[in-house]
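Asker: Let me begin by handing over the structure; questions about it come next.
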């Protein structure tokens with residue numbers, strides 16, 4: 057029984073860890089509906105969201121340095137509990153109820169699609185561009201829940217080319233036609249690790265008694 061419990065604890069830890077590592081997106085997988093320039097800075101190669109307990113850090117990498125495409129910008133779709141599919145047949149698995157629109161060198165915004173009262177301009181200091189890496193660091197308090205715990209929020213990233221109308225301007229979804237799973241808060245990690253250690257200790261004590 058203890059061995060079985062230990063395996064369950066290990067599986068729980070691994071499952072949680074999987075949601076905290078980068079999600080890899082294939083290079084060159086531009087959408088067939090996309091009509092803009094097929095430059096590498098509009099081609100996502102990885103995404104990651106880190107929950108610090110007070111902030112969410114959105115990390116993304118691309119196939120070329122950010123800024124290669126004039127006017128190119130990036131949209132993180134966020135599902136806080138009332139996310140719906142807003143792209144129709146193009147991406148029915150991409151659910152969101154708010155967006156973080158990142159315009160490197162320009163004005164970036166948070167748009168709450170449930171209530172516009174929560175909309176705001178994102179502080180430029182929260183955005184970091186380093187070659188092909190683009191990061192955003194925002195306070196969880198500025199992303200109010202619409203039903204989910206913050207650890208259950210899910211995400212998708214799509215670059216857009218300036219001047220392209222509607223879905224034709226979306227170059228890529230990362231991940232394709234789905235969302236990145238929720239990311240555990242630090243307290244959840246600590247609880248999982250404590251449980252894992254406790255089961256391990258119990259198993260060692262049982263082995264000593266039977267030795």
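In my numbering, the protein residues as written are 57 to 267.
For glycine and all other residues, C-beta sits at the position ideal for the given N, C-alpha and C.
So what's residue 246 in DSSP terms, helix, strand or just coil?
Answerer: Bear in mind that a pLDDT of 48 at residue 246, under 50, signals an unreliable position, so the number given afterwards is only what the model happens to contain. Residue state, collapsed to three classes: helix.
Asker: Any heavy atom of the ligand MG closer than 7 Å to the beta-carbon of residue 190?
Answerer: Absence of the ligand MG is noted for the structure shown, with no ligands found whatsoever.
Asker: Helix, strand or coil for residue 180, going by three-state DSSP, please let me know.
Answerer: Of the three classes helix, strand and coil, the one that applies to residue 180 here is helix, per DSSP.
Asker: Keeping to the same chain, check which residues put their C-beta closer than 7 Å to that of residue 168; ignore five residues upstream and five downstream.
Answerer: Taken in chain order, the residues that qualify are 154, 174 and 175.
Asker: Hey, could you find the ends of the beta strand (DSSP E) residue 215 is sitting in?
Answerer: Looking at the DSSP string, the run of the beta strand (DSSP E) that includes residue 215 is 210–216.
Asker: Identify which residue in 83, 86 and 216 has its Cα closest to the Cα of residue 125.
Answerer: If we check each option's Cα against that of residue 125, 216 comes out closest.
Asker: Taking the C-alpha atoms as reference points, what is the distance between residue 133 and residue 123?
Answerer: Rounded to whole angstroms, residue 133 to residue 123 spans 21 Å at the Cα level.
Asker: Which residues bound the beta strand (DSSP E) around residue 168?
Answerer: Looking at the DSSP string, the run of the beta strand (DSSP E) that includes residue 168 is 164–168.
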